[in-house]
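First up is the structure itself, then whatever we jot down about it.
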Amino acid sequence: MNPYILATLLFGLGLGTTITFASSHWLFAWMGLEINTLAIIPLMAQSHHPRAVEATTKYFLAQATAAAMLLFASISNAWLSGQWDIHQMSHPLPTTLITLALALKIGLAPLHTWMPEVLQGLDLTTGLILSTWQKLAPFCLLLQVQPANATLLLVLGITSTLVGGWGGLNQTQLRKILAYSSIAHLGWMILVLQFSPPLTFLTLLVYFIMTFSLFISFKISNATNINTLATSWAKAPALTSIIPLILLSLGGLPPLTGFLPKWLILQELTKQDLAPLATVAALSALLSLFFYLRLSYAMTLTMTPNNLTATLPWRLPSLQTTLPLAIASSATICLLPLAPATAALFTW
């Protein structure tokens, strides 16, 4: 892609998110979301592969539906209450509609079905943008709306953690596994959104760091399914030893960074007398942990069959810059000792 066009599209992504962040009026927030969607569509379809075009079309249809729902709900709210302000959501009907529209935007279960299919059709760099940056603007609106009835958010959250765990179990494609991982992590964030918004922000931040390091790792080792993971030791032995730690951090195992948000969320849910919900969420984390362990097993404990027809990759040095990966993977693995300071900063 032409660098000037790429710069324009990336500027559009930043502009759309910033407009949504800065807006207190529903029309401006909707406009920011639309700019965001229109800026990423050319990035998604840039390879002109039929699968990429199909993924782009699915993404556009899902986002357009969510945007139409959001616009309808905000107009309904203005009609019922005479207010366009984001913080003046008093009527339950538009509030519920807006929550569902934003859930469709970010891919919360049961409105998640577009997410694995779209991510599977994209390259890893665009998939990273879709899994991280594109979540920021809808999350900002969800944090501002916060419906008075917490039941909807709790149902969306626990459904997402369960679907994210179950859905990834029988997958062999890494991008689909990452999509279900994203759905499960979003479920954890939504569970605690009503009770502790700073804790939701912390979970989002840790999720971004872990997802960034995993996407970049797969990009450097050029892996798209489980079979190619078994040959990655030939290309980057050091990276092959780090990726299982990143995966286990995503699964939430101590003493890795991914344990921190799950620990604080379970603690917060227990404080709110939601111990059964916390138990179900903790059990759903075991489902996710299973497929992370499956990937780790494929990488470190198995070897690809070396017969005459096997095509092993050449062991050439990677020319990609690895400094961002080094910083992100260090943060993914080593930040748990900062838990007391983090808890003091991000919990009320």
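Residue 8 is where the sequence shown starts when you use this note's numbering, and the numbers rise one by one after that.
Note that beta-carbon positions come from the ideal geometry of N, C-alpha and C, so glycine has one too.
T179 is positioned such that its CB atom lies no closer than 7 Å to that of M51.
A14 and A282 have their alpha carbons spaced roughly 48 Å apart.
Counting along the chain, Q141 sits inside the alpha helix (DSSP H) bounded by residues 140 to 152. Residue environment: Y11 is assigned as exposed (fewer than 16 neighbouring CB atoms within 10 Å of its CB, all protein chains considered).
Under the three-state reduction of DSSP, Q127 is assigned to helix. Contact between the stretch 145 to 156 and the stretch 195 to 209 is present, with at least three C-beta pairs closer than 8 Å. Note on W86: under 16 other CB atoms within 10 angstroms of its CB, so exposed under the neighbour-count rule. Spatial neighbours of K183 in its own chain (CB-CB distance under 6 Å, excluding positions within 5 residues in sequence) are listed in chain order as P123, Q127. Looking from the CA of L343, the closest CA among Q279, R301, S97, L271 belongs to L271. Annotation for A116: L163, T166, S167, L169, V170, G171, I190, G194 place their beta carbon closer than 8 Å to its own, counting only its chain and skipping 5 residues before and after. By the neighbour-count definition (other C-beta atoms within 10 Å, threshold 16), Q70 is a buried residue. Where I334 is concerned, the enclosing alpha helix (DSSP H) starts and stops at 330 to 341.
DSSP places N232 in the strand class (E or B) of the three-state scheme. In the DSSP assignment, the residues bridged to H32 are D92. Using a 10 angstroms sphere on the CB of M217, the tally of other CB atoms reaches 16 or more, which defines it as buried.
Per DSSP, Q201 has no beta bridge partner at all. Residue pairing by DSSP places Q180 opposite N232 in a beta bridge. Counting other Cβ atoms within 10 Å of its Cβ, H32 stays below 16 and is therefore classed as exposed. Close CB contacts of F215 within its chain, under the 7 Å cut and outside five residues either way in sequence, are with T139 (chain order). The count of Cβ pairs closer than 8 Å, one atom from the stretch 36 to 46 and one from the stretch 76 to 84, reaches three, so the stretches are in contact. For G171, the enclosing alpha helix (DSSP H) starts and ends at 157 to 174. Taking the Cα positions, S54 is about 42 Å away from L273. Look at S295 here: in three-state DSSP terms it is helix.
Residue environment: S97 is assigned as exposed (fewer than 16 neighbouring CB atoms within 10 Å of its CB, all protein chains considered).
Taking C-alpha positions only, L246 is separated from L17 by approximately 29 Å. Using a Cβ distance threshold of 7 Å, T24 and N43 count as a contacting pair. Close CB contacts of L129 within its chain, under the 8 Å cut and outside five residues either way in sequence, are with M51, A59, A62, L137, R182 (chain order). Closest by C-alpha distance to L332, out of D280, S303, S228, is S228.
Excluding residues up to 5 positions away in sequence, V199, F202, S203, L206 lie with their Cβ nearer than 7 Å to the Cβ of E275 in the same chain. Here L221 is not near I249, since their CB atoms are 7 Å or more apart. For G258, the enclosing alpha helix (DSSP H) starts and ends at 244 to 258.
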